[in-house]
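With our numbering, letter number 9 in the sequence shown gets 1405, and the count goes up by one each step, no holes. Glycine included, C-beta positions come from ideal geometry on N, C-alpha and C. As the structure is a prediction and not an experimental result, all values here were calculated from the model. The structure under discussion appears below in the form of structure tokens.
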Amino acid sequence: TLESLVANNVASLLLGELLRFFGIFMLIATTTGWNCDDFWATDIPNPRNSCPFNFLDYMSKRRFNVILDELCLTDREQPPFVDKFWQVCQMVAEWNAKMAHQFFLFIVCLDESMSIWTNCWTCPGWVFCPHKTHPFGNEYHTLCCAKSGVLTQIELVEGKDRPKELPNPQYHEMGKTVGLLMRLLQLYFTSCQCVVLDSVFFCVLKGIVELRKKGIFSGAFIMKCQYLPAMVPFKAV
């Protein structure tokens, strides 16, 4: 946050400079094949392999690195136990709470998305999903509007890296998949909302029944030879 940056002695940081930093960071993220030094190069670039951006006129490299070193995603203190996700949990919770009050989904779609990261040794919660376009990185279960594409609710898959000291998530007693469905869709209980489920992970008969009890209608594209829900007769589909 801006307050935490100022508290950590990033002298005279203003909101405009912070927004400029974020703009530079996002532009760097859109490129591949160049290191950080190339974006502040002072020599004449090679026209055949020149870096697409140069930020010398907008912010010095030293200033950029100072802000980057002090930037954090939470203002909470580190817990006494090992929690590899403690720096991002607050950001996820704040996003979900903010979107819950600002946006109501018209056509709900529940799926999973990947945050790309190729090195499994430097990424807590790293997973491999072979059916995804980018199969390596962090997996997020996401709730989106199928009409506008707006993402409103997210839940990070922590896997074995989830600390044992933390309490069980809400609806844990219903099972892993059913509990996930209930957590992400609890905002729409009794709304008679229609939800499109991913047939690979979320097409579970028990989950569909439990959502119906809460006033949510759910559906999924089912292939007879694959991903057929348990206890559903083959001939009934």
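**Message:** Report the CB separation of Ala-1506 from Leu-1414 in whole angstroms; it is logged as a contact under 8 Å.
**Reply:** The residue given as residue 1506 occupies position 110 in the sequence shown. The residue given as residue 1414 occupies position 18 in the sequence shown. The identity of residue 1506 in the sequence shown is Leu, whereas the question assumes Ala. Contact doesn't hold; Cβ gap of about 34 Å is too wide.
**Backbone secondary structure at Ile-1463 - three-state DSSP** = Counting from one through the sequence shown, the residue named residue 1463 turns up at place 67. Correct three-state label for Ile-1463: helix.
**Prompt:** In terms of residues, what are the limits of the alpha helix (DSSP H) holding His-1497?
**Reply:** As a working mapping, residue 1497 is identified with position 101 in the sequence shown. Here the alpha helix (DSSP H) through His-1497 covers 1482-1498.
**Request:** Go to Gly-1615, then tell me how far its beta strand (DSSP E) extends in each direction, as first and last residue.
**Result:** Stepping through the sequence shown from its first residue, residue 1615 is reached at position 219. Unbroken beta strand (DSSP E) run through Gly-1615: 1612-1616.
**Message:** Let's test the definition: count the other Cβ atoms within 10 Å of the Cβ of Leu-1398 and tell me whether it reaches 16, buried, or not, exposed.
**Reply:** Along the sequence shown, read from residue 1 onward, the residue named residue 1398 stands at position 2. In this prediction, Leu-1398 scores a pLDDT of 48, lower than 50, which makes its location untrustworthy; the coordinate-derived value is nonetheless stated afterwards. Here Leu-1398 is exposed. Its C-beta has fewer than 16 other C-beta atoms within 10 Å.
**Message:** Residues in the same chain with beta-carbon distance under 7 Å from Val-1402, minus the five sequence neighbours each way, listed in chain order, please.
**Reply:** As a working note, residue 1402 is residue 6 in the sequence shown. Here Val-1402 scores only 46 on pLDDT, less than 50, and its place in the model should not be relied on; the value that follows carries that caveat. Leu-1409, listed in sequence order.
**Message:** Here's a check: name, in chain order, each residue in its chain whose Cβ is nearer than 7 Å to the Cβ of Cys-1525, leaving out the five neighbours to either side.
**Reply:** Taking the sequence shown and counting its residues from 1, the one referred to as residue 1525 is at position 129. Only Met-1510, Pro-1531, Glu-1535 meet the Cβ criterion.
**Request:** Keeping to the same chain, check which residues put their C-beta closer than 7 Å to that of Gly-1611; ignore five residues upstream and five downstream.
**Result:** Counted from its first residue, the sequence shown places residue 1611 at position 215. Taken in chain order, the residues that qualify are Phe-1585, Thr-1586, Ser-1587, Cys-1588.
**Item:** Limits of the alpha helix (DSSP H) - the one that Leu-1414 falls within
**Value:** Taking the sequence shown and counting its residues from 1, one reaches residue 1414 at position 18. Element bounds for Leu-1414: 1411-1425.
**Asked** What are the start and end residues of each continuous alpha helix (DSSP H) run of 4 or more residues lying completely inside the stretch 1499-1561, in chain order?
**Response** none
**Request:** Kindly give me the distance between the Cβ atoms of Pro-1559 and Val-1478, rounded to whole angstroms, as I take these residues to be in contact under 8 Å.
**Result:** On the sequence shown, residue 1559 is found 163 positions in, with the first residue counted as 1. On the sequence shown, residue 1478 is found 82 positions in, with the first residue counted as 1. Correct: roughly 6 Å between the Cβ atoms.
**Asked** Going by Cα to Cα distance, which pick from Asp-1557, Leu-1423, Leu-1539 is closest to Met-1495?
**Response** The residue given as residue 1495 occupies position 99 in the sequence shown. Answer by Cα proximity: Leu-1539.
**Request:** Using three-state DSSP, classify Leu-1593 as helix, strand or coil.
**Result:** Here the question's residue 1593 lines up with position 197 in the sequence shown. Strand at Leu-1593.
**Item:** Closest residue to Leu-1452 among Cys-1432, Phe-1460, Trp-1436 (Cα-Cα distance)
**Value:** Numbered from its first residue, the sequence shown carries residue 1452 at position 56. Out of Cys-1432, Phe-1460, Trp-1436, Trp-1436 has the C-alpha closest to the C-alpha of Leu-1452.
**Message:** If the criterion is Cβ atoms closer than 8 Å, does the pair Leu-1577 and Gly-1555 meet it?
**Reply:** Here residue 1577 is taken as the residue at index 181 of the sequence shown, counted from 1. Here residue 1555 is taken as the residue at index 159 of the sequence shown, counted from 1. The answer is no: Cβ separation not under 8 Å.
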